[in-house]
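What follows is a single structure, written as structure tokens, with notes after it.
Chains as they are written, first to last, in my numbering: chain A, 1209 to 1645; chain B, 1209 to 1645.
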């Protein structure tokens, strides 16, 4: 009898990570001869350790299909890293016990850079311990900072949300600037990389369109210069729309989101880049300012998902299964771009071992020379990633999302106490206005 | 030759105020025998005073049609009130001069309660001054606090945005609560009325669904009780999603958004209800908290507009013209509800003089007895208002919105210096995290 499949989700979830789950399920259905039952680990690797597994075979097929249009992580996603194999051997022993108890022969782990490190550790441990396990990574992250892939599933949809929202809010601001708000500031996710800030540039169709200023995590923030730019923009257009990365830092490397008052700069402590910038504009220019901080809204907005992104998310999930069925191991499907326009892409693969936990930032060539906008090269890269709409079904005016029953797989092992997490896993949502203690 | 038409927008704009403009234009097209040219006042009454008019006849017809799916105020919308007729007679003299110079016989003013007071003043002034003018109001406001109508165009779309966003973000939070964020707080507009907070309740399908707690502007905020509720919810479900009105006040009537530190309550000054509540939860319960403040995003999100709302916005615009063509004056079309399910509505009219600047708050019968959620009566009222989708066209992954040329009507009068605004016009967007000094 073929071995069973275990699928898990990890790290900050996205609007399309469940589309990857859908892809995995589709793949398994297509290769019924190669795979046994398909289970999901609740909360990713935590569920694998705790023997907390869900039996997807018992779920309604239509509900599983609805995962393709359901945001969030349907099986729970953890921020939890395994320790080094040498010092935390007990974790890997436990995992192999759980896998053996449920005849798991395939482990698909869907996450970002940190989660791929976990997947690779499991891969290496199984080999060292002689447990027959195929481990495949499946990429996701709204931050678009994964190495080895043209883009990360999840990013395109968040990017589409950001570009759409900025275009819409800017029309609001422009229409009222004469007698009301003159400056609007929107803070977007991206702790180390300004990819979502860059994506906001797609809202701009003509040269003077919003956003007029983009503040990248990749560029040090200079208050005087920023204030001057805002003033020039308001003088010229009557209003100014600013998009700022949550990871914005001052020239000394301090995060604006958590900067404290000091003698040199008159920071105020507000707990967010946007409110901080807003207060600067109010103080220095006296303009009426509004700011927005969509936070999780931007990474869960399945209603405005990119069709390209949804398709790629499903494709990498399905390909991971194909590869496993073909006997590959320790790899991750990635997106390769053949051309920008028309946009052509295919699924390639990379070794899990090569997905170091390295973050890919917005390249120099994508940031306008003055540092406040994107270049044509960036547009060419970004545009296809937000292309196409993929509306979920609506019932009673709100999107109808999959609601799984969640059938637990019967436990056969003793309970397991999780180790205290040594250092919290990285993730863009863990800092900024919403981060901290 | 028939007299010309002047249309103006005022107050906080919405995702569908331009659909009302579209309705007005449609109406005028249909009664070409009754009306001359159609103009728009730039920035509402400000443009009328400044003789700053746009000639809509010269715009491309397809662009004007695209107003139906374009958010914001296409002609600019002001927060500017006229003074009392007795003390500010010069304002009305100027208006009649401008109207006479451009043969304006019809004035359509599209706004909220305060703007209807302005429209009524113009109506009374014209009559007193013997200027032949038909004045019609057209309702709009995302706050849903206009008296005399079942709902205000603009509200249904903002409500749909809020309900959809909360449902989506809650799936994100629920999936990561085990090892990450346990409490998520979203602040929604509504300074005096908690209509949008109430609308978030529609995200809840089953009893334990998010939002678990709604904080209404209509109910005093009690910190201890709130914290207790949050804790109970996290204990029971593992997470808690809270939606709070920006107008939330403590038992002494102080706004949470601007509350200052004092001896009794350990407030911190953050400039927003959501970050304030988040800090309380962090301090009192130690949970990881995230918060979102969508601000203008919620009132400009045309991409997730309610089809019902779009239809009603266009209908009140068109009806205003029909009424004027039929010889009525000083009135405003409103929405009347015939039945909840199936939802049936018609357009009725009320006297402008009767639209006092009174705000309609969420009635007792719509708020659950404990004060933290909506009732079935509220659901019956709210559900049809967010029903139906009305996607705008998309180009290159972002919504394609109308871009008017803006053909100025040639001026024939001397320039006019605006009076200093005595008191700023009310508006939900003018307070809270984004209001103040």
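Using N, Cα and C, we set each Cβ at its ideal position, and we do this for glycine too.
Being a predicted model, the structure only gives us computed values, none of them experimental.
Interface flag, residue i vs chain A, CB-CB below 7 Å
i                       : result
residue 1348 of chain B : no
residue 1384 of chain B : yes
residue 1312 of chain B : no
residue 1469 of chain B : Because residue 1469 of chain B sits at a pLDDT of 41, beneath the cut-off of 50, its placement in the model cannot be relied upon, and the following sentence gives the value as read from the coordinates. No, no contact with chain A.
residue 1331 of chain B : no
residue 1598 of chain B : no
residue 1379 of chain B : yes
residue 1591 of chain B : yes
residue 1627 of chain B : no
residue 1163 of chain B : Because chain B in this structure spans residues 1209 to 1645, residue 1163 of chain B falls outside the shown range and cannot be described.
residue 1605 of chain B : yes
residue 1246 of chain B : no
residue 1239 of chain B : no
residue 1475 of chain B : Interpretation of residue 1475 of chain B is limited by its pLDDT of 37, a score under 50 that renders its predicted location unreliable; the figure taken from the coordinates is listed afterwards. Not closer than 7 Å to any Cβ of chain A, the Cβ of residue 1475 of chain B fails to qualify, so no.
CB contact check: residue i to chain B, cutoff 7 Å
i                       : result
residue 1652 of chain A : For chain A, the structure presents residues 1209 to 1645; residue 1652 of chain A sits outside this window and is missing.
residue 1368 of chain A : yes
residue 1543 of chain A : no
residue 1453 of chain A : no
residue 1640 of chain A : Per-residue confidence for residue 1640 of chain A stands at a pLDDT of 49, beneath the threshold of 50, marking its modelled position as unreliable; the derived number appears in the next sentence. Judged by the 7 Å Cβ criterion, residue 1640 of chain A is not in contact with chain B.
residue 1435 of chain A : no
residue 1318 of chain A : no
residue 1253 of chain A : no
residue 1574 of chain A : no
residue 1584 of chain A : no
residue 1508 of chain A : yes
residue 1376 of chain A : yes
residue 1563 of chain A : no
residue 1373 of chain A : yes
residue 1537 of chain A : no
residue 1363 of chain A : no
residue 1296 of chain A : no
residue 1581 of chain A : no
Residue j beta carbon less than 7 Å from that of residue i
i                       : j                       : result
residue 1516 of chain B : residue 1355 of chain B : no
residue 1648 of chain B : residue 1399 of chain B : The structure shown does not extend to residue 1648 of chain B, since chain B spans only 1209 to 1645, so no value can be given for it.
residue 1423 of chain B : residue 1452 of chain B : yes
residue 1324 of chain A : residue 1563 of chain A : yes
residue 1228 of chain A : residue 1318 of chain A : yes
residue 1419 of chain A : residue 1449 of chain A : yes
residue 1287 of chain A : residue 1547 of chain B : no
residue 1538 of chain B : residue 1331 of chain B : yes
residue 1383 of chain A : residue 1505 of chain B : no
residue 1577 of chain A : residue 1509 of chain B : no
residue 1426 of chain A : residue 1570 of chain A : yes
residue 1598 of chain A : residue 1521 of chain A : no
residue 1275 of chain A : residue 1230 of chain A : yes
residue 1594 of chain A : residue 1368 of chain A : yes
residue 1500 of chain A : residue 1459 of chain A : no
residue 1385 of chain B : residue 1411 of chain B : no
residue 1308 of chain B : residue 1226 of chain B : no
Three or more C-beta pairs below 8 Å linking the region 1231 to 1251 of chain B and the region 1577 to 1594 of chain B: Between the region 1231 to 1251 of chain B and the region 1577 to 1594 of chain B, the count of Cβ pairs shorter than 8 Å is below three; the stretches do not touch.
Beta strand (DSSP E) runs contained entirely in the region 1443 to 1467 of chain B, provided each spans 3 or more residues: DSSP runs (the beta strand (DSSP E)) wholly in the region 1443 to 1467 of chain B: 1448 to 1453.
Inter-stretch contact at 8 Å, needing at least 3 Cβ pairs: the region 1306 to 1324 of chain A / the region 1337 to 1348 of chain A: Per the Cβ contact rule, the region 1306 to 1324 of chain A is in contact with the region 1337 to 1348 of chain A (3 or more Cβ pairs under 8 Å).
Near-chain B residues of the region 1267 to 1293 of chain A (beta-carbon distance less than 8 Å), N- to C-terminal order: Result list: 1278, 1279, 1280, 1281, 1282, 1283, 1284, 1285, 1286, 1287, 1288.
Stretch pair the region 1551 to 1570 of chain A + the region 1260 to 1271 of chain A: three plus CB contacts closer than 8 Å: In short, these stretches do not touch, since the Cβ pair count stays below three.
Complete runs of the alpha helix (DSSP H) confined to the region 1536 to 1594 of chain A [at least 4 residues]: List check, alpha helix (DSSP H) in window: 1584 to 1590.
Touching by the beta-carbon criterion (3+ pairs, under 8 Å), the region 1352 to 1366 of chain B and the region 1220 to 1233 of chain B: Yes, the region 1352 to 1366 of chain B is in contact with the region 1220 to 1233 of chain B.
Contact residues within the region 1488 to 1506 of chain B, judged by C-beta distance below 8 Å to chain A: Of all residues in the region 1488 to 1506 of chain B, only 1490, 1497, 1498, 1499, 1500, 1501, 1502, 1503, 1504, 1505 come within less than 8 Å of chain A when Cβ atoms are compared, listed by chain position.
Residues, ordered as in the chain, of the region 1607 to 1623 of chain A that lie near chain B by beta-carbon distance below 7 Å: Along the region 1607 to 1623 of chain A, going in chain order, the ones with a CB nearer than 7 Å to a CB of chain B are 1607, 1609.
Selection of the region 1212 to 1227 of chain B by Cβ proximity to chain A, strictly under 8 Å: The residues in question are 1217, 1220, 1221, 1223.
Segments assigned beta strand (DSSP E), at least 3 residues, entirely inside the region 1387 to 1421 of chain A: Note on the region 1387 to 1421 of chain A: whole beta strand (DSSP E) runs with a minimum of 3 residues are 1391 to 1396, in chain order.
Proximal residues, the region 1398 to 1414 of chain A versus chain B, C-beta separation under 7 Å: Result list: 1410, 1411.
Contact the region 1432 to 1448 of chain B vs the region 1595 to 1603 of chain B: 3+ CB pairs below 8 Å: Counting Cβ pairs under 8 Å, fewer than three are found: no touch.
The region 1291 to 1308 of chain B contacting the region 1270 to 1279 of chain B, beta-carbon criterion three pairs below 8 Å: Short answer: they don't touch.
Against chain B: residues of the region 1385 to 1396 of chain A by CB proximity under 7 Å: Under the 7 Å Cβ criterion, the region 1385 to 1396 of chain A contributes 1386, 1387, 1388, 1392.
Given 8 Å, three or more beta-carbon pairs between the region 1512 to 1526 of chain B and the region 1486 to 1495 of chain B: Touching, no, given that fewer than three Cβ pairs across the two stretches are closer than 8 Å.
3-residue-minimum beta strand (DSSP E) runs that sit fully inside the region 1314 to 1377 of chain A, ordered along the chain: As far as the region 1314 to 1377 of chain A is concerned, its whole beta strand (DSSP E) runs of at least 3 residues are 1342 to 1347.
Contiguous beta strand (DSSP E) assignments of at least 3 residues, all confined to the region 1474 to 1539 of chain A: Runs of beta strand (DSSP E) with 3 or more residues, each lying fully within the region 1474 to 1539 of chain A, are found at 1497 to 1500, listed in chain order.
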